[in-house]
Amino acid sequence: MSLTRKVQEELLERGYSRRNVARIALGAAAALPFFHEFAFAPHALAQDNPDAPARGRGMRPAYDPDAVVIGSNENPMGPTTQGLEAISKVSPLAWRYGPQGDNNLLQGLVESTEGVKPGYGVVFPGSGPALSNLMPAFTSPTRSWVMGAPGYGQGGGRGIGAKVIKVPLRKDYSHDVEAMIKADPNAGVYYICNPNNPTGTLTPRKDMEYILANKPKDAVLVIDEAYIHFSGRDNMSTDLVAKDKDVIVLRTFSKIYGMAGLRAGIVYAKPEYQAQLAKFDRGGNLSVATMACAAASLKASATVIPERVAVYQKNRALAYDQMAKLGVSYIPTVGNFFMMSVKGMTAAQVGNAMAAKKVHLAGANRWPEWPNHIRVTVGSFDEMTKFNAALAQVVKEGPPSVAKG
Ligand SMILES: Cc1ncc(COP(=O)(O)O)c(C=O)c1O
Numbered sequence: 003m004s005l006t007r008k009v010q011e012e013l014l015e016r017g018y019s020r021r022n023v024a025r026i027a028l029g030a031a032a033a034l035p036f037f038h039e040f041a042f043a044p045h046a047l048a049q050d051n052p053d054a055p056a057r058g059r060g061m062r063p064a065y066d067p068d069a070v071v072i073g074s075n076e077n078p079m080g081p082t083t084q085g086l087e088a089i090s091k092v093s094p095l096a097w098r099y100g101p102q103g104d105n106n107l108l109q110g111l112v113e114s115t116e117g118v119k120p121g122y123g124v125v126f127p128g129s130g131p132a133l134s135n136l137m138p139a140f141t142s143p144t145r146s147w148v149m150g151a152p153g154y155g156q157g158g159g160r161g162i163g164a165k166v167i168k169v170p171l172r173k174d175y176s177h178d179v180e181a182m183i184k185a186d187p188n189a190g191v192y193y194i195c196n197p198n199n200p201t202g203t204l205t206p207r208k209d210m211e212y213i214l215a216n217k218p219k220d221a222v223l224v225i226d227e228a229y230i231h232f233s234g235r236d237n238m239s240t241d242l243v244a245k246d247k248d249v250i251v252l253r254t255f256s257k258i259y260g261m262a263g264l265r266a267g268i269v270y271a272k273p274e275y276q277a278q279l280a281k282f283d284r285g286g287n288l289s290v291a292t293m294a295c296a297a298a299s300l301k302a303s304a305t306v307i308p309e310r311v312a313v314y315q316k317n318r319a320l321a322y323d324q325m326a327k328l329g330v331s332y333i334p335t336v337g338n339f340f341m342m343s344v345k346g347m348t349a350a351q352v353g354n355a356m357a358a359k360k361v362h363l364a365g366a367n368r369w370p371e372w373p374n375h376i377r378v379t380v381g382s383f384d385e386m387t388k389f390n391a392a393l394a395q396v397v398k399e400g401p402p403s404v405a406k407g
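For the sequence shown, the working numbering gives the first residue as 3, with consecutive numbering after it.
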C-alpha cells in the first residue's frame, strides 16, 4: 500500500519535505529500521565477529550452540505451552489464506483482557512496526517526539525528518516529565517507555497525569508497555485508553509471552488515533499460527504471567548476587533486563570482553549518553550461570592494557 494523495498532502502541510514524504511512503518501518531489538542485534554480535557484516543486513552470524546471547531482551522460556498447542491445532488449516476464527478470538481477548471497547485495540505484526508508524502519524519537523534518555528507539525518527528531543531521566531513572514538557511545550508526542528500556525502571501514574494536564491539546502521550507484565498490573495504563484520554498504549507478545519471532503487538487507543495511525500502515497480516498462539497466551495470562515472573526473579537474583560479590554496580530493574557498570571499564570494553567469552550483551554503542553502562537480558538459569562465570573473569582481567607505541 502506498500513501494516498490526501495523506501525502497532509504530511507536506505538517512541514515534511517531498523527500521526507517519499521516505515515509516507502514505509516508516523501512525508513526507521530500529524499532525492535533484533535490528540492533548484529551490532552487538558484530563486535567480535568479523564475518557478521558480510552476512547481510539484519542477519545474525551462524548459530553457535555454545554462545550465550542475552542482548535482545528475548524470553528463553519461549511461547507458552498453551500457545504451542494452539499452533499445532491450527497448522493443518494453514493452507487457507484466511484465518478460521482465530482472528476473532484474538480480537475479542485483546479488548476484554484490558476492558476497552471494540475498536480500541488493534493488532500489528509486532509493536515495533506500530511504533515506527506513530512517528509520521503524530510528529513532524515542527511537532517533536520527546523521549527519555537513555530510552528506546534512540530518536531514529530523524531519518524521516521528524524532530526528536531527548530528555535525561531523573536521578531515580523515572521520566522527567516537567523537563519533557519544558523541552518542547508544542510536541506532537511525549513518549514514555514504562518500564523504560534500557533502565528497567518505572515512571509513576502521577507523571502520566502531569503530561496529560500540561501537553498541547492535540498532542499524544504514548506509553510503551513492552515490559509491563514483568512489573505488575498496577502499573498498566490501558484504563486511560478506556477512559478516552489522549493516550496510546503499546503492548507486545515478544517479551512475557516469548513470541518475538512470531511477531505480534497491540496498539490500544481511541478510534480517531487508530484511524490516523492506519494511514501509514503497510499491511502485513499476522499468520494464523501467530494469532492462535497470541490468543492462547492471553487466555492463559492469569497463570502464565506470575509463573514466568517468578522464574525471571530467580534467574535475575543469580546475577544480582554475583554482581554484588564482584563489586559490579547495577540498576535494580522491574523488566527482564538490567543495566550494569564494571568499575574502570567502558560499556564497549565490557561488551567486547564478555563477547570474547561467548556471552553477547546489548550493543555497547546503543546508549551513548551512558558510555559506562551495558544492558544484560535475563536469560535462563544456565545462561545466567555462564554469564556469572564470564563476568568474574572480565572483572579479574580488567580493561585491556593500552598498547604502547
Ligand atoms: C520498549 C520496546 N518497545 C517496542 C519493542 C518492539 O517489540 P516487537 O516489535 O517485538 O513487538 C521493543 C523490542 O524490544 C521494546 O524494547
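From the three backbone atoms N, C-alpha and C, an ideal C-beta is built for every residue, glycine too. None of the values given here were measured: they were computed from a predicted structure.
Checking the 7 Å criterion, the Cβ of G130 is within range of a heavy atom belonging to ligand 1.
Per DSSP, the unbroken alpha helix (DSSP H) holding I213 starts and ends at 207-216. Between the C-alpha atoms of A262 and P81 there is a straight-line separation of about 9 Å.
Counting every other CB atom within 10 Å of its CB across the protein chains shown gives Q278 a total of 16 or more, marking it as buried. The alpha-carbon separation between V124 and N105 amounts to approximately 11 Å. Exclusion of the five residues before and after A349 leaves A366, P373, N374, H375, I376 as the residues of its chain whose Cβ lies within less than 7 Å of its Cβ. Between Y175 and N199, the CB-CB gap reaches or exceeds 8 Å.
Our two residues, R25 and I162, have alpha carbons roughly 6 Å apart in a direct line. Non-local beta-carbon contacts of A392 in its own chain, meaning distances under 7 Å to residues more than five positions away in sequence, involve M356, K359, V361 in chain order. Annotation for F389: the continuous alpha helix (DSSP H) segment containing it runs 383-399.
Take V330, set aside five residues on each side of it, and the residues of its chain with a beta-carbon closer than 6 Å to its own are M342, V344, in chain order. In the DSSP annotation of this structure, G153 is not part of any beta strand (DSSP E), being labelled neither H nor E. In the structure shown, the three-state DSSP call for P170 is strand. In the three-state DSSP reduction, I258 falls in the coil class, being neither helix nor strand. In the DSSP assignment, M293 falls within the alpha helix (DSSP H) that extends over 290-301. For F282, no pairing in a beta bridge is given by DSSP.
Residue burial annotation: F383 is exposed, with fewer than 16 other C-beta atoms found within 10 angstroms of its C-beta. The C-alpha of G85 is placed about 6 Å away from the C-alpha of S299. The three-state reading of DSSP puts S343 in strand, counting E and B together. At the C-beta level, G260 and N75 stay beyond 8 Å of one another. At least one heavy atom of ligand 1 is found less than 7 Å from the C-beta of T254.
F255 places its beta carbon less than 8 Å from that of A296. In the DSSP annotation of this structure, F140 is not part of any beta strand (DSSP E); the continuous alpha helix (DSSP H) holding it starts and ends at 129-140. As computed with DSSP, D226 is found in a beta bridge with C195, L252. In the three-state scheme derived from DSSP, where H, G and I count as helix and E and B as strand, I333 is classed as coil. Note on geometry: alpha-carbon atoms of G155 and P170 lie some 14 Å from one another. Remark: three or more beta-carbon pairs, one from each stretch, lie closer than 8 Å, so the region 206-226 and the region 176-193 are flagged as touching. Taking 8 Å as the cut-off, the beta carbon of D248 is found no closer than this to the beta carbon of V269. The Cβ-Cβ distance between A291 and V92 falls below 8 Å.
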